[in-house]
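Colleague: Residue numbers (this note's numbering): 2 to 140.
Here's a structure for you.
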């Protein structure tokens, strides 16, 4: 268990803990990797996408929480804490192949996308609770 949850887990597993005290523990997703990337945004406009602007490369509908990138597999979950706090995004789209160090956040309007601009940002690549034993040391 992650150190911040160890005391809670140990208390719940203790023999003196009554069943009425047991509650579900939701483990936070472990950070598998920290990476600095170029952060941009896009919207479902014809000049920013292909001929299916509301369909991602994965075949899903564009929606809030979707990102495009070429350096992570589909389904990877990421956070961009400096810009979006604890919000979790999912990789479901791709960018032009020359964009190797970019993460593109889907936005509902072109104005929203332009407001984000382009900037360097640290992202957190998330795993699942089963990844606690395989975590890389983050910087």
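Just so it is clear, CB atoms sit at the ideal spot from N, CA and C, and this is done for glycine as well.
Does the segment 59–72 come close enough to the segment 91–98 to have 3 or more Cβ pairs within less than 8 Å?
Modeller: Yes, the segment 59–72 is in contact with the segment 91–98.
Colleague: Between the Cα of residue 30 and those of 89, 123, 50, spot the shortest distance and give me the residue it belongs to.
Modeller: Here the closest residue by C-alpha is 89.
Colleague: Suppose contacts are defined by Cβ-Cβ distances below 7 Å. Is residue 93 in contact with residue 57 by that definition?
Modeller: Contact: yes.
Colleague: Figure out for me which residue from 123, 76, 113 has the closest Cα to the Cα of residue 59.
Modeller: When only C-alpha atoms are compared, the closest one is 76.
Colleague: Would you mind sorting residue 46 into buried or exposed? The rule is 16 or more other CB atoms within 10 Å of its CB.
Modeller: Residue 46 should be labelled exposed.
Colleague: Which two residues bound the contiguous alpha helix (DSSP H) that contains residue 114?
Modeller: Residue 114 -> alpha helix (DSSP H) spans 111–117.
Colleague: CB residue 105 to CB residue 41, shorter than 7 Å?
Modeller: In this structure, residue 41 lies closer than 7 Å to residue 105 by Cβ.
Colleague: Looking at the unbroken alpha helix (DSSP H) that takes in residue 90, where does it start and where does it end?
Modeller: Looking at the DSSP string, residue 90 is not in any alpha helix (DSSP H); the run it does join, the beta strand (DSSP E), is 89–94.
Colleague: Does residue 124 pass the burial test, meaning 16 or more other C-beta atoms within 10 Å, or should it be called exposed?
Modeller: Buried, because 16 or more other Cβ atoms sit within 10 Å of the Cβ of residue 124.
Colleague: Taking the straight line between their C-alpha atoms, what separation do you get for residue 82 and residue 39?
Modeller: Those two C-alpha atoms are separated by around 14 Å.
Colleague: Under the assumption that residue 91 contacts residue 33 (Cβ atoms under 8 Å), give the Cβ distance between them as a whole number of angstroms.
Modeller: Contact flag wrong, Cβ pair sits at about 15 Å.
Colleague: Quick check on residue 75: does DSSP put it in helix, strand or coil?
Modeller: If DSSP states are grouped into helix, strand and coil, residue 75 belongs with coil.
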